[in-house]
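Q: In terms of full-length UniProt numbering, the sequence shown opens at residue 1 and continues consecutively. All C-beta atoms in this analysis are idealised placements derived from N, C-alpha and C, irrespective of residue type, glycine included.
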Amino acid sequence: MDPGTALGAVSLIFQVFSGCIKGYQLLSAAKGLDDDHKFFRIRIKSEQYRLLNWAQIAQLSENDDTLTISRSSKTLLLDVLDQQHRLLLRFGRLDERLRPLTRPLLLSDEVDLGRDAGVNYRQRDGELETLIGDDDVQRRFPATNPLLMKSLKFIKKTSRFPTSIRWVVSDKAKIEELLGRLTGLNDYLDQLLSTQQMELLSSQQTRTNYQILQLNNKIDQLSDLFKAGMLQATNKRESEHLSASVSPWLLSDRNDYTMRRGLEGSLAQLAQTKVLVTATERKPCPFVRDLLSTLQLETSVWTDGQSSRLAERDIQLVETHKSSQSPDITSHTKRTTAWYKPSSQSWRAVWVEWKQLPRVTDGGRIGRTTTERLEALVGLLREDKHTRQFRALRCLGYYVHTTAQQSDGQAVRLDYGCVYENPEGVDPTARPVSLLEHIVEPRQARKTPSLSARVALMRSLAESLERLHAVNWLHKGLRSEHIMFFPPDCAPPHDAAISLDICRPYLTGFDYSRPAAERYSHMSETASADAAEDLYRHPAVQGRARCSATSRGYKKIHDIYSLGIVLLEIALWKPIFKILGRARVEDVSAREAAEAKETLLSGGLGVTSWLRSNLGDTVSDVIVACLTGPIAFGIAGLEDEEGVQLQERFFEVVVKRLQSLRI
């Protein structure tokens, strides 16, 4: 195609937009920055993806008619894009009159019409496929965005850009100034969208962040993401950096809107959490401590060198006031209310979630692997800013209880309990109620919640699991027993159970949790061979942990199966054992638990047809997809079951569909 013909058929807005995308591509691929400043390339790439996400929501294309913004806003859009284009084109190389700087920050390689910086192309099956070469930054961002490929392909055919550029001076102040201006311009573009579009943009940016996390697994990569995200949150966006044509109302509303949107720093927080998750495989050596301190994780167990095991004298179990016997951990809930008194502080109400460990014969000491896993788990769950992301509760530490002793004083059995406190806004003494308790014995006053409330609960749980998997953390114990509700602080004591807000669930039961990567398999503790618990587990991981040539242990898809069982319980407002036709959970045999997946999907119980008739196609399709597994998500192979494709497909098949429901 003749370049002149191509330009004539493409809108001016798309031409300038494509130039911006190419400018971001060149800057993010530029080599030569000092080691301490390499995270700036990540920051530049992040702004490119912000612009791409905005364009996707606004439906920007070669034809202006597809744009879903007002006609009056199109002039402002072109102006803002033009300012970005000029900034990216001349930064560090040209002055205001586009003349070469005498002391440039960047040098351009030769201009070449047929090559692109950091991106190579080849044709396959009629579609453009992006092949990332040896540029690390490009490989750490999703390469499937259609506008990215379309824009770079357009520039490749119609414009002459440098093959690449490289840094000759790492001027931190000037780079930060550039990024502040680019960030401000992208913020202004957000204001051109409607309220509904801004919600879609927020969701799109969140999912982009999740995909980025899946492509960044090394601690130094995550450190770069954190630094880049924190720079975005602290950039000063001065209005004088923008042209006078930018509307004043944008200036006054910009920061307020950005804070409402809650996007700033979100990638930094997720990267910070994933670093903490990844660090669980390492001992608290000086390198890890220094890195976590740099990432503002000073209160972590890895940086202060203190054990998260709480002293027995500081815990007073409520049951011990009534009896000298040990707490009953054989009940459904396996939870005990207690009082906790840290050093030099007053007593406060807490509750303990118990787990029974195997027989111990070494003087009562917990095994080294178990201790390391406990320290790692509590280190993550005692950070408020991390637990809130997953709707988890803050864990104060773990407590070891000797339930029996031999005559020589050696322990026969140890139980450990994770000690939690109630969330903010809840009476500290209020007892948590699990979803299982809520549906097993419904009182007359506790009627089945409305369909809208149940769908909201499904959506909240799916979003929590999506975020948990985004940082590569497997729950491994997802079931209705581990989904907790609390009465509001204002609820009268006699109405507390009735006043539960099921739209605000909290996840517990992180007993067997570990990072998703195969190298963490040594941290997997054997799951109990309990048919009641196996009802929630995928058949491949029921009972004792197993590893074979055909099974490589617990995977994300197994968590998704457990979610499907919980969603089914919420939909029917029945526990899984009753759905399978048993009056009591104790009546479920190991064989029935192993065959539960096949029983539910075969249609013999009429579950799927009932769901479709009473809750609609969307809820039914979501639950069936979770129970079915990889085929329902359109993925195949072990890598796809753990990586970016599963993250993306889980959102499309489950989370997005639940979010779309309006009842």
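So, with DSSP's three-state summary, where would you put Arg431?
A: If DSSP states are grouped into helix, strand and coil, Arg431 belongs with coil.
Q: Taking the DSSP output, what are the residues bridged to Met230?
A: DSSP, once it has assigned bridges, lists no residue as partnering Met230.
Q: Bridge partners of Tyr416, per DSSP?
A: According to DSSP, which records beta bridges pairwise, Tyr416 is partnered with Lys355 and Val400.
Q: Quick check on Cys395: does DSSP put it in helix, strand or coil?
A: In this structure, Cys395 counts as strand in the three-state DSSP scheme.
Q: Measuring only the C-alpha atoms, how far is Glu652 from Ala632?
A: Rounded to the nearest angstrom, the two C-alpha atoms are 11 Å apart.
Q: Apply the 10 Å Cβ neighbour rule to Val168 and answer buried if 16 or more other Cβ atoms are within range, or exposed otherwise.
A: The residue is exposed, with fewer than 16 neighbouring Cβ atoms inside 10 Å.
Q: How long is the line joining the alpha carbons of Ser202 and Leu270, rounded to whole angstroms?
A: Rounded to whole angstroms, Ser202 to Leu270 spans 15 Å at the Cα level.
Q: Need the endpoints of the alpha helix (DSSP H) that Leu107 sits in, please.
A: Counting along the chain, Leu107 falls outside any alpha helix (DSSP H), though it belongs to the beta strand (DSSP E) covering Leu106 to Ser108.
Q: Nearest-angstrom Cα distance between Gly397 and Val277?
A: Answer to the nearest angstrom: the Cα atoms are 17 Å apart.
Q: Cα separation between Phe40 and Ile175?
A: Cα-Cα distance, rounded: 8 Å.
Q: Count the other C-beta atoms from every protein chain shown that fall within 10 angstroms of the C-beta of Leu98, then say buried if there are 16 or more, exposed otherwise.
A: Looking at its Cβ environment, which holds fewer than 16 other Cβ atoms inside 10 Å, Leu98 is exposed.
Q: Tell me whether Arg160 sits in a helix, a strand or coil according to DSSP, three-state version.
A: Arg160: coil per DSSP, three-state reduction.
Q: Pick from Tyr554, Lys22, Leu52 and Glu463: whose alpha carbon is nearest that of Leu89?
A: The residue with the shortest Cα to Cα distance from Leu89 is Lys22.
Q: If you drop the 5 nearest sequence neighbours on each side, which residues of the same chain put their C-beta closer than 7 Å to that of Glu592?
A: Answer for Glu592: Leu580, listed in chain order.
Q: Ignore the nearest five residues each way along the sequence and tell me which others in Glu463's own chain have a CB closer than 7 Å to its CB.
A: Excluding sequence neighbours, Glu463 sits near Val655.
Q: Does the distance from the C-beta atom of Ile315 to that of Tyr399 stay below 8 Å?
A: The answer is yes: Cβ separation under 8 Å.
Q: Helix, strand or coil, according to DSSP, for residue 687 in the structure here?
A: In the structure as shown, the chain starts at 1 and stops at 663, and residue 687 therefore has no counterpart that could be examined.
Q: Using a Cβ-Cβ cutoff of less than 6 Å, which residues in the same chain neighbour Leu451 once the five nearest sequence positions on both sides are dropped?
A: Around Leu451: Ile663.
Q: With a 10 Å radius around its C-beta and 16 neighbouring C-beta atoms as the bar for buried, classify Gly19 as buried or exposed.
A: Classification for Gly19: buried.
Q: So what does DSSP say about Lys153, is it helix, strand or coil?
A: Correct three-state label for Lys153: helix.
Q: Report back the beta-carbon spacing between Tyr506 and Pro423 to the nearest angstrom; my notes put them in contact at under 8 Å.
A: Right, their Cβ atoms sit about 7 Å apart.
Q: Which residues does DSSP pair with Tyr506 in a beta bridge?
A: According to DSSP, which records beta bridges pairwise, Tyr506 is partnered with Met484.
Q: Within 10 angstroms of the Cβ of Gln205, are there 16 or more other Cβ atoms? Answer buried if so, exposed if not.
A: Buried.
Q: Please tell me whether Ile623 and Leu567 are closer than 8 Å, where the distance is taken between their beta carbons.
A: Cβ distance < 8 Å, so Ile623 and Leu567 count as in contact.
Q: Just to confirm, is the Cβ distance from Phe17 to Ser194 under 8 Å?
A: Not closer than 8 Å, so no.
Q: Using the beta-carbon count (16 or more within 10 Å), is Pro146 buried or exposed?
A: Its Cβ having fewer than 16 others within 10 Å, Pro146 is exposed.
Q: Where does Val350 fall in DSSP's three states?
A: In the structure shown, Val350 sits in a strand (DSSP, three-state: E or B).
Q: Quick one: Cα of His401 to Cα of Glu353, how far?
A: So the alpha carbons of these two residues sit roughly 12 Å apart.
Q: May I ask you to list the residues that DSSP assigns as paired with Lys555?
A: Note: Lys555 sits in no beta bridge, so no partner.
Q: Using the beta-carbon count (16 or more within 10 Å), is Ala228 buried or exposed?
A: Its Cβ being crowded by 16 or more others within 10 Å, Ala228 is buried.
Q: Do Leu107 and Arg181 have their C-beta atoms within less than 8 Å of each other?
A: For Leu107 and Arg181, no; Cβs fall outside 8 Å.
Q: I want to know whether the stretch 427-439 touches the stretch 478-489 - three or more CB-CB distances under 8 Å.
A: Touching, yes, given that three or more Cβ pairs across the two stretches are closer than 8 Å.
Q: Go through its chain and collect everything with a Cβ distance to Leu457's Cβ below 7 Å, but skip five positions before and after it.
A: Once the five neighbours on either side are set aside, the close Cβ partners of Leu457 are Ile502, Cys503, Pro505 and Ile570.
Q: What are the partner residues of residue 665, as DSSP defines its beta bridges?
A: Only positions 1 to 663 of the chain appear in the structure, and residue 665 is not among them; the question remains open.
Q: Please list, in chain order, all residues of the same chain as Ser609 whose beta carbon is under 8 Å from its beta carbon, the five residues on each side excluded.
A: For Ser609, where only same-chain residues beyond five positions count, the Cβ hits under 8 Å are Gly603.
Q: Taking C-alpha atoms, which residue in Ala470, Ile557 and Phe161 lies nearest to His85?
A: The shortest Cα separation from His85 among Ala470, Ile557 and Phe161 belongs to Phe161.
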